[in-house]
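With the working numbering applied, the sequence shown covers 1 to 157. Data block below; observations after.
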Amino acid sequence: DQFAFAVALSAPVAGALVAIILGFTVFRDVIFLVPDPAQDSAFVNAGFVEILANTAVVAFSGLMLGGIIGWPVMLVFGLPAHALLLRKTSAKAWIYVAAGAVAGAAAGAFRFLSSGGAANPDDLIPLFAVGAVTGVLAAMIFWLVRRPDKDATSFKS
1 DQFAFAVALS APVAGALVAI ILGFTVFRDV IFLVPDPAQD SAFVNAGFVE
51 ILANTAVVAF SGLMLGGIIG WPVMLVFGLP AHALLLRKTS AKAWIYVAAG
101 AVAGAAAGAF RFLSSGGAAN PDDLIPLFAV GAVTGVLAAM IFWLVRRPDK
151 DATSFKS
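Have a look at this one:
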């Protein structure tokens, strides 16, 4: 069933993609540096095979976080949004992208607020941004697998 496959796939794959993007841009040391065998506290540039291995570890971590965080977000925000969009809109990709951004930003805000005031206020924008980007990617993966635009007219109420 396309729906079940889209639900199972979208959040973990979006998490893996965001982890890889962050690893290659923001947290470059995680992918491009390895411990220096000659010195305990030093790092050296990673070789090609080490970069591939580090990227695989980052992708797997993102896959797991995508499932742990993404599936509950999808259950609370994404699936109700899908039901609403399927019945009330033409279910075009851009509508799902917008809904994914809102759901992801809401998840980032929830993460910030759930810290009980312990979170640094400087973390709010990155949490919003990472949440929104992850939501957009998850929504696009869901839309590409499920293709709700092809049967949106049959669900109109």
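Glycine included, every Cβ here is placed at the ideal spot set by N, Cα and C.
Segment limits, alpha helix (DSSP H) that includes residue i
{"i": "Phe24", "result": "Gln2 to Thr25"}
{"i": "Asn54", "result": "Phe48 to Leu65"}
C-alpha gap between residue i and residue j, whole angstroms
{"i": "Ile95", "j": "Arg147", "result": "12 Å"}
{"i": "Phe27", "j": "Asn54", "result": "12 Å"}
{"i": "Val133", "j": "Val76", "result": "18 Å"}
{"i": "Val7", "j": "Gly15", "result": "13 Å"}
{"i": "Pro80", "j": "Ser114", "result": "22 Å"}
{"i": "Met64", "j": "Ala4", "result": "18 Å"}
{"i": "Leu52", "j": "Val18", "result": "16 Å"}
Beta-carbon gap between residue i and residue j smaller than 9 Å
{"i": "Ala107", "j": "Val73", "result": "yes"}
{"i": "Phe60", "j": "Ala46", "result": "no"}
{"i": "Val145", "j": "Ser41", "result": "no"}
{"i": "Ala101", "j": "Val44", "result": "no"}
{"i": "Leu124", "j": "Phe112", "result": "yes"}
{"i": "Gly78", "j": "Pro12", "result": "no"}
Top-ranked residue by Cα proximity to residue i, from the options
{"i": "Val58", "options": "Asp36, Val7 and Asp29", "result": "Asp29"}
{"i": "Val130", "options": "Lys88, Leu22 and Asp1", "result": "Leu22"}
Continuous beta strand (DSSP E) stretch holding residue i: start and end
{"i": "Leu113", "result": "Counting along the chain, Leu113 falls outside any beta strand (DSSP E), though it belongs to the alpha helix (DSSP H) covering Ala93 to Leu113."}
Residue i beta carbon near the ligand FAD (any heavy atom closer than 8 Å)
{"i": "Asp149", "result": "Because no ligand of any kind appears in the structure shown, any question about the ligand FAD cannot be addressed here."}
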